[in-house]
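Notes for the one structure printed next.
Protein chains: 2
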Amino acid sequence: MSESNETKRPYHHGSLKKVIVDTALSMLAENNGWHFTLREVARRAEVSHAAPYKHFPDKNSLLAELALIGFDQLRAELIRALKSEGMTPIDRFFIAGKTYINFGLTNPSLYKLMFSAEASGGSSQVHLDERAMSALGVLLEVLESGQNQKVFKRGALNDQTAACWAQVHGLTMLSIDGLLYEEKVGGNAIDGALKTLMEGLKA
Amino acid sequence: MSESNETKRPYHHGSLKKVIVDTALSMLAENNGWHFTLREVARRAEVSHAAPYKHFPDKNSLLAELALIGFDQLRAELIRALKSEGMTPIDRFFIAGKTYINFGLTNPSLYKLMFSAEASGGSSQVHLDERAMSALGVLLEVLESGQNQKVFKRGALNDQTAACWAQVHGLTMLSIDGLLYEEKVGGNAIDGALKTLMEGLKA
DNA sequence: TCTTCAATGTTTACAGTGTCAACTATGTAA
DNA sequence: TTACATAGTTGACACTGTAAACATTGAAGA
Numbered sequence: 001m002s003e004s005n006e007t008k009r010p011y012h013h014g015s016l017k018k019v020i021v022d023t024a025l026s027m028l029a030e031n032n033g034w035h036f037t038l039r040e041v042a043r044r045a046e047v048s049h050a051a052p053y054k055h056f057p058d059k060n061s062l063l064a065e066l067a068l069i070g071f072d073q074l075r076a077e078l079i080r081a082l083k084s085e086g087m088t089p090i091d092r093f094f095i096a097g098k099t100y101i102n103f104g105l106t107n108p109s110l111y112k113l114m115f116s117a118e119a120s121g122g123s124s125q126v127h128l129d130e131r132a133m134s135a136l137g138v139l140l141e142v143l144e145s146g147q148n149q150k151v152f153k154r155g156a157l158n159d160q161t162a163a164c165w166a167q168v169h170g171l172t173m174l175s176i177d178g179l180l181y182e183e184k185v186g187g188n189a190i191d192g193a194l195k196t197l198m199e200g201l202k203a
Numbered sequence: 204m205s206e207s208n209e210t211k212r213p214y215h216h217g218s219l220k221k222v223i224v225d226t227a228l229s230m231l232a233e234n235n236g237w238h239f240t241l242r243e244v245a246r247r248a249e250v251s252h253a254a255p256y257k258h259f260p261d262k263n264s265l266l267a268e269l270a271l272i273g274f275d276q277l278r279a280e281l282i283r284a285l286k287s288e289g290m291t292p293i294d295r296f297f298i299a300g301k302t303y304i305n306f307g308l309t310n311p312s313l314y315k316l317m318f319s320a321e322a323s324g325g326s327s328q329v330h331l332d333e334r335a336m337s338a339l340g341v342l343l344e345v346l347e348s349g350q351n352q353k354v355f356k357r358g359a360l361n362d363q364t365a366a367c368w369a370q371v372h373g374l375t376m377l378s379i380d381g382l383l384y385e386e387k388v389g390g391n392a393i394d395g396a397l398k399t400l401m402e403g404l405k406a
């Protein structure tokens, strides 16, 4: 009965890859102050420090996988937030924007990782991935249908997409970094900024 | 005549701090793929790997100093770009925006560092620094004078500031990361996005 | 002028990291 | 049963940030 407390591991562990990803995600979630080591992941997964290398060629590959999961989650949240019927395009714009930003504020480390070079770097090319860019597709759809309903200015869909994406990305980043100081930008910067941009979208 | 080739160093070097900062800045400038080690800085400065510690308490302090220099440079470029007379507020908005973004694209590593946690972290609190936030002041002035000339919507200066800052920051970041894919956002995303926002500013 | 001292360097050491190579255990196909 | 590919461990390497101990030196006071 040496150590057979509870389920003694089969010692081919079964699902190390999933455990590693989950462990890493939860480290990211609790993360204050950005340090993330592969060895710490292995430690928490109670596995040797080199074990992750059987599932990921290197650290960046794991980070890239996490980033892709982040994009999946972001997209899912956007879709969920927008699925209810009967919203005006303007409602949908604000819902989408605030959902996006809120995702970043709720998962700051993950969000930063999603746009970090370390997640890209390798061969995985995160940002070219369908999964990464399809979150953007949701925003695009909001704009497009808003145009079709003649609530938003016609044409220049590209420009509007760029403006909206940059706006929410910028607000998210600045907010994560704690840069939207009240004395510089007021107490309600995010809503205010979205409203300002909206003025530029309306037909 | 052992090694007295040229000026033999006084061996209290005189200006190591400056040399370290300059070396680090140039490493940042040539930077491909974000790795920055103190020891490499020391190596290039031809000094022992611990020497920088006589001038900076730790790595982050050096990074913080570099970041502040970056903010200084950004502010200087904005001021220079805006100093000529006879521009309309709309001109000034586009000049400021494009100068800001161009600064980021010209110095991507430095720009990212300016907004990175690693530059902040320590006691230096970069982002609370006058020098950091005064670049934002330049943008604010553009908006304010545009309002006074009744070219921009009156009121909500805070909201406009937030919107503009988020917009240029977002565009800069996305562009540095190479995310403004033509098929997603057109070939002229930056101009288009700025134009879209401008529509929201005009009176 | 000589001495002392603080500032500024260097050396050495340590713990921690990413990664690789060599080794081991194991479930599966021949 | 045997062979092998898969998935794990161990141990090593080069590298990092950082601290402590030591060395050099220019300047201030005797």
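For the protein sequence lines, the chains are U and H, in the order given.
The opening position of the first sequence corresponds to residue 1 in my numbering, with each subsequent residue numbered one higher.
The opening position of the second sequence corresponds to residue 204 in my numbering, with each subsequent residue numbered one higher.
We put the beta carbon where it would ideally sit given N, CA and C, even for glycine.
Being a predicted model, the structure only gives us computed values, none of them experimental.
Whose Cβ in chain U lies nearer than 9 Å to the Cβ of G389 (chain H)? A156, L157, N158, D159, T161 and A162
Return yes when the Cβ of W368 (chain H) is within less than 8 Å of the Cβ of S312 (chain H), no when it is not. no
Where K387 (chain H) sits in the DSSP three-state scheme: The DSSP-derived three-state label of K387 (chain H) is helix.
Can you tell me whether K161 (chain H) is helix, strand or coil according to DSSP? Shown here, chain H extends from 204 to 406; a query on residue 161 (chain H) therefore has no answer.
Opposite K98 (chain U) in the DSSP bridges: which residues? BP columns for K98 (chain U) are empty, so no partner.
Give me the Cα-Cα distance between D159 (chain U) and Q167 (chain U), rounded to the nearest whole angstrom. The alpha-carbon separation between D159 (chain U) and Q167 (chain U) amounts to approximately 12 Å.
Starting from F296 (chain H), find everything on chain U with Cβ-Cβ shorter than 9 Å and list it in chain order. Neighbours of F296 (chain H) on chain U: none; closest Cβ ~12 Å, over 9 Å.
Can you say whether P255 (chain H) is buried or exposed, counting buried as having 16 or more other CB atoms within 10 angstroms of its CB? buried
Exposed or buried, what is P292 (chain H) when buried is set at 16 or more other beta-carbons lying within 10 Å of its beta-carbon? buried
So, does the CB of M114 (chain U) fall closer than 8 Å to a CB anywhere in chain H? no
When you compare each of U:L194, U:D72 and U:G155 to S134 (chain U) by their alpha carbons, which one comes out closest? U:D72
Quick check: what's the CA-CA separation for K98 (chain U) versus K398 (chain H)? 22 Å
Any heavy atom of the ligand NAD inside 7 Å of the beta-carbon of A50 (chain U)? With respect to small molecules bound, the structure shown includes none, and the ligand NAD cannot be examined in it.
How would you label E206 (chain H), buried or exposed, when you count the other beta carbons within 10 angstroms and need 16 or more for buried? In this prediction, E206 (chain H) has a pLDDT of 40, which is less than 50 and means its spatial position is unreliable; nothing more can be read from the coordinates.
Which runs of the alpha helix (DSSP H) spanning at least 4 residues fall entirely within the segment 258 to 303 of chain H, listed in chain order? Taking 4 residues as the minimum length, the alpha helix (DSSP H) runs contained wholly in the segment 258 to 303 of chain H are 262 to 285, in order along the chain.
Taking one C-beta from the segment 51 to 71 of chain U and one from the segment 111 to 119 of chain U each time, how about it: are there three or more such pairs within less than 8 Å? yes
Cα separation between K202 (chain U) and S287 (chain H)? 33 Å
Could you give the DSSP three-state label for K153 (chain U): helix, strand or coil? It is coil, neither helix nor strand.
Integer-rounded CB distance, given that T364 (chain H) should sit under 8 Å from L342 (chain H): 7 Å
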